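Following: one structure in structure tokens, then a few remarks.
Protein chains: 4
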Amino acid sequence: MSSPVSPLRVTVWSEGRHEQRDEKVARLYPKGMHAAVAEGVTEHLGAAATVRTATLDEPEHGLTEEVLAETDVLTWWGHIAHGEVADEVVDRVHRHVLAGMGLIVLHSGHWSKIFTRLMGTTCTLRWRNGRDRELVWTVAPSHPIAAGVPHPIVIEEQEMYGEFFDIPAPDELVFVSSFSGGEVFRSGCTFRRGHGKIFYFSPGDQDYPVYHHPDVRRVIANAVTWAAPAAPRTTPTLVRSETGWFEDEGGPA
Amino acid sequence: MSSPVSPLRVTVWSEGRHEQRDEKVARLYPKGMHAAVAEGVTEHLGAAATVRTATLDEPEHGLTEEVLAETDVLTWWGHIAHGEVADEVVDRVHRHVLAGMGLIVLHSGHWSKIFTRLMGTTCTLRWRNGRDRELVWTVAPSHPIAAGVPHPIVIEEQEMYGEFFDIPAPDELVFVSSFSGGEVFRSGCTFRRGHGKIFYFSPGDQDYPVYHHPDVRRVIANAVTWAAPAAPRTTPTLVRSETGWFEDEGGPA
Amino acid sequence: MSSPVSPLRVTVWSEGRHEQRDEKVARLYPKGMHAAVAEGVTEHLGAAATVRTATLDEPEHGLTEEVLAETDVLTWWGHIAHGEVADEVVDRVHRHVLAGMGLIVLHSGHWSKIFTRLMGTTCTLRWRNGRDRELVWTVAPSHPIAAGVPHPIVIEEQEMYGEFFDIPAPDELVFVSSFSGGEVFRSGCTFRRGHGKIFYFSPGDQDYPVYHHPDVRRVIANAVTWAAPAAPRTTPTLVRSETGWFEDEGGPA
Amino acid sequence: MSSPVSPLRVTVWSEGRHEQRDEKVARLYPKGMHAAVAEGVTEHLGAAATVRTATLDEPEHGLTEEVLAETDVLTWWGHIAHGEVADEVVDRVHRHVLAGMGLIVLHSGHWSKIFTRLMGTTCTLRWRNGRDRELVWTVAPSHPIAAGVPHPIVIEEQEMYGEFFDIPAPDELVFVSSFSGGEVFRSGCTFRRGHGKIFYFSPGDQDYPVYHHPDVRRVIANAVTWAAPAAPRTTPTLVRSETGWFEDEGGPA
């Protein structure tokens with residue numbers, strides 16, 4: 001096994017707008033939603049991870065080439081300002097994911113530019129902000145992302161996200177949620193794209209204290225560990241190969 | 001495209017015991033559960049299919065070598081008498097599925113000998129006979145098995161089947177159900193095994209009139225069409241091949 | 001089963017540039033590569049399909065809204081002029097695929113704008129134009145796209161396409177090719193995106209008469225049939241749903 | 001993340017018959033094939049793993065309940081004596097895999113009782129003992145099992161294993177091999193069954209020194225790490241659940 005990245009370098013990105021505009025959100029997340037997500041990762045990974053945060057309003061949204069080059073796993077939360085994310089930054093994140101950086105997309109991040117670009121679909125869904133209870137059921141119990149969480153995870157109040165969720169069939173379906181209104185949702189999905197690993201996890205909303213929920217935090221920390229790259233970052237490129245090129249030595253895939 | 005089998009030869013198999021013992025079941029299914037399933041297939045496929053039925057109490061359970069050789073798709077329902085199905089008949093059905101016969105496994109058939117043998121897992125699940133309402137959600141809208149059914153299918157009263165359902169990850173997940181008690185279930189799953197196609201569909205129970213439900217019938221009819229073999233039946237076998245064996249002509253896969 | 005589209009309306013799209021510039025290609029494909037692909041489809045589907053062609057140099061590349069609205073399955077071949085395909089036309093094709101139109105992407109179409117947009121990855125690969133012999137092996141013998149072809153399909157001379165092919169893991173892997181130089185390639189891959197079905201098939205090149213090969217033609221015809229939509233075209237959209245919205249009736253997925 | 005098992009307890013199982021009967025094999029593997037596999041694991045995992053071996057001729061084949069209960073990951077090689085493995089031991093291994101024990105199946109183990117039982121198919125294939133060169137190509141470069149190996153792995157002399165390999169579609173396809181005779185093979189495949197993780201890896205044969213090959217050893221060591229259970233061992237069981245059972249607390253999946 002190639003030696004695991006140590007410590008794992010995590011960047012928690014968040015739009016950071018609701019907290020500035022909406023008192024209720026500011027009360028739930030006084031240091032910002034990103035702070036809650038970052039705390040959850042640190043709580044579980046401790047010294048095994050170094051966690052920084054970045055938000056939309058920073059220059060280049062805090063996601064410069066330098067920051068991404070030093071990021072093993074990026075988490076992404078956005079909602080009302082997807083359109084303000086610069087295409088240039090999206091290009092950069094896309095390139096880093098395909099080269100091996102892990103990406104954890106949270107909740108309303110389903111409609112972010114980076115997620116829809118990686119998926120190739122609309123990523124639309126059904127929704128209702130109606131204080132539904134969400135139950136998160138594990139359907140892949142041997143998956144490391146599901147380690148240590150109860151079955152089901154009970155989230156007392158949540159926004160409802162329901163099917164049809166227009167994503168490619170996930171490589172691995174880890175969680176399926178139900179809502180008190182009766183809807184279901186593929187709430188925990190893995191995807192491999194290029195050399196990068198992606199996890200989409202739907203629990204989490206600005207109007208509910210979901211990122212303080214201990215099991216939700218554990219899932220995110222598990223996902224960060226799972227998404228860590230297993231090899232140095234390299235971008236898939238077109239290669240012209242002579243016959244017999246591999247006889248002396250192969251290269252990286 | 002190889003010409004589709006025409007007409008499609010369908011055998012509907014059912015244990016046939018509850019109907020004999022339990023008045024309530026006999027009232028719901030006066031001609032047997034198999035008759036209801038068979039009617040549903042005929043209702044949708046008409047002249048495109050010839051449908052026969054077979055039950056546990058017939059000699060060789062009605063599944064002789066001759067019957068199976070003339071069956072393109074077999075549907076399977078069993079519940080209280082899985083253990084009475086002769087191993088020799090299970091071997092025969094297994095062999096035919098691997099050689100290309102389609103198989104539709106219904107509801108409590110999850111614990112049949114043939115399904116657990118094909119899956120390699122326990123096929124256990126969570127259950128409750130408590131008059132839950134089941135909602136069947138489509139998560140693969142382009143799949144032919146989901147054609148023409150509403151989203152969701154509403155089944156007013158049903159037995160609850162919940163996760164964790166111990167099956168291999170399905171090749172294609174077509175339906176996910178929720179129950180009024182909050183549980184979820186991967187209720188429509190495809191699997192390819194050998195040269196055969198398998199569909200598991202969980203709605204259906206002896207205590208509820210589910211096989212009279214128009215959408216449930218449509219799904220079963222769609223599945224029968226989908227599972228029809230695309231090629232003549234052949235059993236995968238170990239083959240020793242000389243170098244260059246394919247130069248004159250390849251064979252079937 | 002919803003009644004199959006009949007006859008199936010197929011549009012064969014091709015860049016159409018090599019044939020104009022390169023005598024060798026013009027000799028191999030005197031009526032254009034699109035004509036050879038179209039003939040192959042007609043040869044196998046006969047009256048079950050109506051086939052038209054369209055090329056890059058037509059207004060709107062021959063892919064107006066009207067044409068796409070009347071197209072059940074589109075096939076795509078391009079190579080040296082991917083960059084000349086108008087983004088507006090790519091947007092339109094993308095929208096139609098997500099709404100249910102089938103798409104067959106051929107050979108060097110792996111780097112087309114429409115395929116990379118649907119995949120979300122670079123779609124790069126390894127290649128060599130060195131007269132390799134390609135063997136196309138079936139790894140999903142029950143798949144309708146593999147019906148009726150030998151195992152392996154032998155293509156005497158071909159461009160080599162090798163791994164790593166930077167695509168998402170296919171929903172179904174149907175064919176794997178080897179080349180005389182030793183490389184392998186996932187040469188037949190299905191993907192579902194939105195309501196549409198996609199098949200990528202790598203055999204086929206302007207410098208070799210691959211689209212006259214009877215087995216290659218059969219695969220393309222099989223794929224066209226497989227990719228036909230099972231339901232009327234609808235675009236996945238964001239839906240806000242009140243609690244209990246489905247009680248009277250569900251909708252399409 | 002649940003703390004990883006430490007050190008990982010690995011049991012390397014091998015039939016151990018060829019080495020006793022065939023001088024050539026005894027020369028290649030003087031301490032037995034199991035010793036070579038065990039050395040490879042230790043070479044890469046060092047103190048992170050404790051490795052023991054067990055063979056067919058030991059009482060209960062060395063796989064008592066006690067041994068399995070203390071095994072996190074079991075590797076399996078067999079060939080000429082699959083039929084001598086006691087069904088009772090196969091039952092026991094099967095139960096442990098479904099409860100969470102990792103299983104690595106090597107080469108001719110494809111036809112072992114435990115692998116065919118877990119797969120549900122014949123697991124037949126095409127073969128030739130003809131000194132083919134095998135090239136092992138990575139098709140999932142972000143998978144931890146592929147970490148650190150060249151692309152391709154070159155094995156100078158090997159038995160040929162070719163398609164059609166009658167297995168379920170793997171959950172993840174990691175490697176595809178080609179042989180100098182032109183055949184291809186899905187040579188590295190993951191499967192999840194119950195709570196257990198399974199990896200099948202085809203390189204390795206008694207007639208060639210493949211288990212001394214540094215890259216083959218690395219893959220096996222990577223696979224052992226990947227297959228380690230993420231949670232305490234539990235067997236999937238049928239559970240009857242009252243409405244609201246999860247309100248106080250959920251359980252393990």
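Taken in order, these protein sequences are the chains called A, B, C and D. In terms of full-length UniProt numbering, the first sequence is numbered consecutively and its last residue is 253. In terms of full-length UniProt numbering, the second sequence is numbered consecutively and its last residue is 253. In terms of full-length UniProt numbering, the third sequence is numbered consecutively and its last residue is 253. In terms of full-length UniProt numbering, the fourth sequence is numbered consecutively and its last residue is 253. Virtual Cβ for every residue (Gly too), placed ideally from N, Cα, C. Just so you know, these numbers come straight off a predicted model, no measurement behind them.
Kindly identify the DSSP beta-bridge partner or partners of glycine 188 (chain D).
Secondary-structure assignment with DSSP links glycine 188 (chain D) through a beta bridge to D:Phe175, D:Phe201.
Please report the distance separating the alpha-carbon of valine 174 (chain A) from that of aspartate 207 (chain C).
Cα to Cα, the separation comes out at about 46 Å.
Less than 8 Å between the CB atoms is what I'm expecting for proline 203 (chain C) and glutamate 157 (chain C), so what's the real figure, rounded?
Contact between proline 203 (chain C) and glutamate 157 (chain C) does not hold, since the beta-carbon distance rounds to 11 Å and is not under 8 Å.
Sorted by chain position, which residues of the same chain lie with C-beta nearer than 6 Å to arginine 52 (chain A)'s C-beta, five sequence neighbours on each side aside?
Around arginine 52 (chain A), the same chain offers Thr11 as residues with beta carbons nearer than 6 Å, after the five sequence neighbours per side are excluded.
Quick check: what's the CA-CA separation for valine 219 (chain C) versus phenylalanine 165 (chain C)?
When rounded, the distance between both Cα atoms is 21 Å.
Histidine 151 (chain B) in three-state terms, based on DSSP:
It is a strand residue.
Histidine 110 (chain A) and leucine 98 (chain A) - do their beta-carbons sit closer together than 8 Å?
At least 8 Å separates the beta-carbon of leucine 98 (chain A) from that of histidine 110 (chain A).
Which residues DSSP lists as bridging tyrosine 161 (chain B), in chain order
DSSP, once it has assigned bridges, lists B:Trp127 as partnering tyrosine 161 (chain B).
Residues of chain D with a CB under 8 Å from the CB of glycine 251 (chain A): which are they?
The contacting residues are Pro150, His151.
Please confirm whether serine 241 (chain A) has its beta-carbon closer than 8 Å to some beta-carbon of chain D.
It does not: the Cβ of serine 241 (chain A) has no partner Cβ on chain D nearer than 8 Å.
Just the chain C side, please: which residues come within less than 9 Å of glycine 100 (chain B) by C-beta, in chain order?
Residues of chain C passing the Cβ test: Pro141, Ser142.
For glycine 251 (chain D), the three-state DSSP class (helix, strand or coil):
Three-state result, glycine 251 (chain D): strand.
Listed by chain order, chain C residues near phenylalanine 246 (chain B) by CB distance under 9 Å
Ordered by position in chain C, the residues that pass the 9 Å Cβ test against phenylalanine 246 (chain B) are Leu135, Pro150, His151, Pro152, Val154.
Could you tell me which residues DSSP pairs with leucine 106 (chain B) in its beta bridges?
Beta-bridge partners of leucine 106 (chain B) (DSSP): B:Phe201.
Could you work out which residue in D:Thr237, D:Arg233, D:Ala228 is closest to alanine 48 (chain D) when comparing CA atoms only?
Looking at the Cα atoms, D:Ala228 is the closest of the given residues.
If you measure from the beta carbon of phenylalanine 199 (chain D) to each beta carbon in chain C, is any gap under 8 Å?
Residue-level contact by beta carbon fails for phenylalanine 199 (chain D) and chain C, as no gap is shorter than 8 Å.
Less than 8 Å separating the beta-carbons of histidine 79 (chain C) and glutamate 183 (chain C)?
Here histidine 79 (chain C) is not near glutamate 183 (chain C), since their CB atoms are 8 Å or more apart.
Could you tell me whether the Cβ of histidine 213 (chain D) comes closer than 8 Å to any Cβ of chain A?
With its beta carbon at least 8 Å from every one in chain A, histidine 213 (chain D) lies outside the interface.
Serine 112 (chain D) classed as buried or exposed, judged by whether at least 16 other C-beta atoms fall within 10 angstroms
With 16 or more other Cβ atoms within 10 Å, it is buried.
If you count every other CB in all the chains shown that lies within 10 Å of the CB of histidine 212 (chain A), and 16 or more means buried, which is it?
An exposed status is given to histidine 212 (chain A), since fewer than 16 other beta-carbon atoms sit within 10 Å of its beta-carbon.
Chain D residues whose Cβ lies nearer than 8 Å to that of glycine 138 (chain A):
Sequence check: residue 138 (chain A) is threonine here, not glycine. Chain order gives the chain D residues near threonine 138 (chain A) as Ala253, where near means a beta carbon separation below 8 Å.
Are there 16 or more other CB atoms within 10 angstroms of the CB of lysine 197 (chain A), so buried, or fewer, so exposed?
Buried, since its Cβ has 16 or more Cβ neighbours within 10 Å.
Less than 8 Å between the CB atoms is what I'm expecting for threonine 225 (chain A) and leucine 74 (chain A), so what's the real figure, rounded?
Going by Cβ atoms, the distance from threonine 225 (chain A) to leucine 74 (chain A) rounds to 14 Å, so no, they are not a contact pair.
For glycine 194 (chain A), which residues from the same chain have a beta carbon less than 6 Å from its beta carbon, with the 5 sequence-adjacent residues on both sides left out?
Excluding sequence neighbours, glycine 194 (chain A) sits near Leu98, Pro236.
For the beta strand (DSSP E) containing threonine 53 (chain A), name the first residue and the last one.
Its beta strand (DSSP E) spans residues 49 to 55.
Tell me the rounded alpha-carbon separation between leucine 56 (chain C) and alanine 230 (chain C).
About 29 Å.
Give a yes or no on whether the C-beta atoms belonging to phenylalanine 246 (chain C) and valine 154 (chain B) are separated by under 8 Å.
Contact annotation: phenylalanine 246 (chain C) and valine 154 (chain B) have beta-carbon atoms nearer than 8 Å.
Inter-residue Cα distance where the pair is aspartate 215 (chain C) and threonine 138 (chain A):
In a straight line, the C-alpha of aspartate 215 (chain C) is about 44 Å away from that of threonine 138 (chain A).
Tell me whether the beta-carbon of tryptophan 13 (chain D) lies closer than 8 Å to the beta-carbon of glycine 62 (chain D).
Between tryptophan 13 (chain D) and glycine 62 (chain D), the gap from beta carbon to beta carbon is short of 8 Å.
8 Å Cβ cutoff met for valine 136 (chain A) and serine 108 (chain A):
Their beta carbons are not under 8 Å apart, which means valine 136 (chain A) does not touch serine 108 (chain A) by this criterion.
With a CB to CB cut of under 7 Å and the five nearest residues on each side skipped, what residues in its chain are close to valine 67 (chain B)?
Excluding residues within five positions, the ones whose Cβ falls inside 7 Å are Thr11, Ala54.
Contacts around threonine 50 (chain C), its chain only, beta-carbon distance under 8 Å, and the 5 residues preceding and following it disregarded
So the list reads Pro7, Leu8, Arg9, Val10, once near-sequence residues are dropped.
Assign glutamate 43 (chain B) to buried or exposed, taking buried as 16 or more other Cβ atoms, counted over all protein chains shown, within 10 Å of its Cβ.
So glutamate 43 (chain B) counts as exposed.
Looking at chain B, is there any beta carbon in it that lies within less than 8 Å of the beta carbon of leucine 125 (chain D)?
Leucine 125 (chain D) counts as touching chain B.
Name the chain B residues whose beta carbon is nearer than 7 Å to that of leucine 118 (chain D)?
Neighbours of leucine 118 (chain D) across chain B, judged by C-beta separation under 7 Å: Gly120.
Cutoff 8 Å; reference tryptophan 127 (chain C); Cβ partners in own chain excluding five residues on either side
Only Glu159, Met160, Tyr161, Gly162 meet the Cβ criterion.
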